[in-house]
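Engineer:
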Amino acid sequence: MVSTLGGERKIATMLFADLVGSTRLATQLDPEDLRGRLEPFFEAARNALEQHGGTVEKYIGDAVMAVFGAPVAHGDDPDRAVAAGLAVAERVSELDGELAVRVGIETGEVLAMTGAGDLRVTGEAVNAAARLQQAAQPGEVLVGERAAQACRRARLEANGAVEAKGIPGALGAYRALAVEPEAEPSGIPLIGRDDDLDMLRLIARRAARERLPQLVTVIGESGIGKTRLGAELFRELRSDPDPWRTMGGRSPPYGEGIAFWALGEMLRDAAGLPPDAAPNAVEKSLRELLSELGAEDGSSLASDLTIAIRGKPDCDAEDALKRAWRRFVSLLASEGPLAIGVDDAHWADEGTLELLEDVAYGLHDAPIVVLCTSRPELAERRPEFGRVARNNTQLELLPLDRDAATRLAELLLPEDHRADARRIAD
């Protein structure tokens, strides 16, 4: 990012979405009726764009322009833009069968200017996204060459070149099909993390021996191995001669209803259900689990716990959820050691972070480990997290050394390319 007079040069991903069919409606309806017909489109588009981390820059007639990467940049802005474009197309189709949307997306250097609460973005990527949108078919999301190259999880197929007025040469275009979830950890052995894993084992033994909850935050850059390290610890704890109960969840970077998302995944895990289990099924399974744990008020506790997966709660409901969560964790820990894991805690909402701290610092005589993995952004956003009591540890993961990186490269490479491992590690 480079600062310039009155703005900042940034690499950003631009998105244009335009309604198909609105011109015909404009000839049939008076302006007020037309506005009422189009308002749900603008609302659906704005919600989808903001839920995926985008910023609406402006509306132009029946089109909307959004930017991903300004004023706030994320490591996966192109993937976010594609996911948002697909969501806008789907929601408009569900809203009105007579309307469809065309979406164009491109990445490039832009000049972002902010002032009086407004964001203005200019640059070639803006024009390219607009031209791709014009070339898209109804219901289609077209992605430019640079955005396609920057995507890591978007599933795209080649769509040929697009002739773009005012832009030298043709634009490479790809049709967006889907955005895949992040890949699960591979079956490759854990390499170069023996000391880090030993520290986590020691903390777990201390929690079990002293019956004192321990909060551990594993901090490191994206892709450095935080999730894998936590998964290895939990695998060992479950295989212990005195097995630990484990439950885990992940905080997503964007999406609808992300408040308490990780907590919802933890509750499903504890209930032995898949991550997409419906609230009623979760409540039923939790009720049965609480009954097994001897809770006479299991029905009300289960109902209060599932507040976490029934939409954003109001203040009273959130208070009930917090009370139920503390009681639930206490009951689980009374049966044996308990490990709670939250992946990508830097994206967790404030409510979830508070619940984790409440368990770590508010319970006593409870063998519990709360393990959070996080990028450094958590310390910037909430510097006090995990720093207010003696029973907390922050573990910073550093890059693998040369020998470990070479060994990892050897395991990942096809056998006939393993001679390149040292060069790749370097």
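Letter by letter, the sequence shown follows residues 1 to 426 in our numbering. Virtual Cβ for every residue (Gly too), placed ideally from N, Cα, C.
How would you label V72, buried or exposed, when you count the other beta carbons within 10 angstroms and need 16 or more for buried?
Structural biologist: As a first step, residue 72 is located in the sequence shown; it is residue number 72 there, counting from the start. Exposed: under 16 other Cβ atoms inside 10 Å.
Engineer: Just to confirm the assignment: which complete alpha helix (DSSP H) runs, minimum length 4, are found wholly within the region 208-268?
Structural biologist: Runs found: 226-238.
Engineer: Pick from I188, L321, S291, L356: whose alpha carbon is nearest that of L331?
Structural biologist: Walking along the sequence shown from the start, residue 331 turns up at place 331. L331 has its Cα closest to that of S291, out of I188, L321, S291, L356.
Engineer: Using CA coordinates, which residue listed in I340, L338, L363 is at the minimum distance from R323?
Structural biologist: To locate residue 323, count along the sequence shown from 1; it is residue 323. Nearest of I340, L338, L363 to R323, Cα basis: L363.
Engineer: Could you pull the start and end residues of the beta strand (DSSP E) that G160 belongs to?
Structural biologist: Counted from its first residue, the sequence shown places residue 160 at position 160. Taken as a continuous stretch (DSSP letters only), the beta strand (DSSP E) holding G160 covers 154-163.
Engineer: List the whole-angstrom C-beta distance separating D401 from A259, where the pair is believed to meet the contact cut-off of C-beta under 8 Å.
Structural biologist: If you number the sequence shown from 1, residue 401 lands on position 401. If you number the sequence shown from 1, residue 259 lands on position 259. Actually they do not touch by this definition, with Cβ atoms about 40 Å apart.
Engineer: If you measure between the beta carbons of Q133 and F42, is that distance less than 7 Å?
Structural biologist: Against the sequence shown, residue 133 aligns to sequence position 133. Against the sequence shown, residue 42 aligns to sequence position 42. It is not a contact, given that the beta carbons lie outside the stated cut-off.
Engineer: Decide yes or no for the touch test of the region 377-387 against the region 402-414: beta carbon pairs closer than 8 Å, at least 3 of them.
Structural biologist: Segments in contact, no.
Engineer: Just to confirm before moving on: does the CB-CB distance between C372 and A333 stay below 7 Å?
Structural biologist: Taking the sequence shown and counting its residues from 1, one reaches residue 372 at position 372. Taking the sequence shown and counting its residues from 1, one reaches residue 333 at position 333. Result no, Cβ atoms of C372 and A333 do not sit closer than 7 Å.
Engineer: Output the distance between the C-alpha atoms of C151 and D297, rounded to the nearest integer angstrom.
Structural biologist: Looking up residue 151 in the sequence shown gives position 151. Looking up residue 297 in the sequence shown gives position 297. Going from the Cα of C151 to the Cα of D297 covers about 49 Å.
Engineer: Mind checking which residues open and close the alpha helix (DSSP H) that includes Q149?
Structural biologist: Mapped onto the sequence shown, residue 149 falls at position 149. That run of the alpha helix (DSSP H) goes 145-150.
Engineer: How many angstroms separate the CA atom of S251 from the CA atom of W347?
Structural biologist: Along the sequence shown, read from residue 1 onward, the residue named residue 251 stands at position 251. Along the sequence shown, read from residue 1 onward, the residue named residue 347 stands at position 347. For S251 and W347, the distance between alpha carbons rounds to 6 Å.
Engineer: Does the region 110-129 come close enough to the region 85-96 that 3 or more CB-CB pairs lie under 8 Å?
Structural biologist: Segments in contact, no.
Engineer: Return the residue from the list A295, P279, V329, V218 that minimises the CA-CA distance to I307.
Structural biologist: Working through the sequence shown from its first residue, we reach residue 307 at position 307. Answer by Cα proximity: P279.
Engineer: Spatial neighbours of A204 within its chain, please: CB distance less than 8 Å, with the 5 preceding and 5 following residues excluded, ordered by chain position.
Structural biologist: Position 204 of the sequence shown, counted from the first residue, corresponds to residue 204. The residues are Q214, L233, L237, W244, P337, A339, V369.
Engineer: If you check the beta carbons only, do A66 and G54 fall under 7 Å apart?
Structural biologist: For this step, residue 66 is matched to residue 66 along the sequence shown. For this step, residue 54 is matched to residue 54 along the sequence shown. In this structure, G54 lies closer than 7 Å to A66 by Cβ.
Engineer: Could you tell me which of L142, K58, G192 sits nearest to L398, measuring between CA atoms?
Structural biologist: Counting from one through the sequence shown, the residue named residue 398 turns up at place 398. Answer by Cα proximity: G192.
Engineer: Mapping DSSP to helix, strand and coil, what is N391?
Structural biologist: Working through the sequence shown from its first residue, we reach residue 391 at position 391. It is coil, neither helix nor strand.
Engineer: Going by DSSP in three states, E296 sits in which element: helix, strand or coil?
Structural biologist: Against the sequence shown, residue 296 aligns to sequence position 296. Correct three-state label for E296: coil.
Engineer: Taking the CB atoms as reference points, tell me whether V141 and G249 lie closer together than 7 Å.
Structural biologist: As a first step, residue 141 must be located in the sequence shown, where it is residue number 141. As a first step, residue 249 must be located in the sequence shown, where it is residue number 249. Not closer than 7 Å, so no.
Engineer: Would you decide whether E57 is buried or exposed? Buried here means 16 or more other CB atoms lie within 10 Å of its CB.
Structural biologist: Here residue 57 refers to the residue found at position 57 of the sequence shown. The residue is buried, with at least 16 neighbouring Cβ atoms inside 10 Å.
Engineer: How would you write the range of the beta strand (DSSP E) that L177 sits in, first residue to last?
Structural biologist: Along the sequence shown, one-based indexing puts residue 177 at 177. L177 -> beta strand (DSSP E) spans 170-179.
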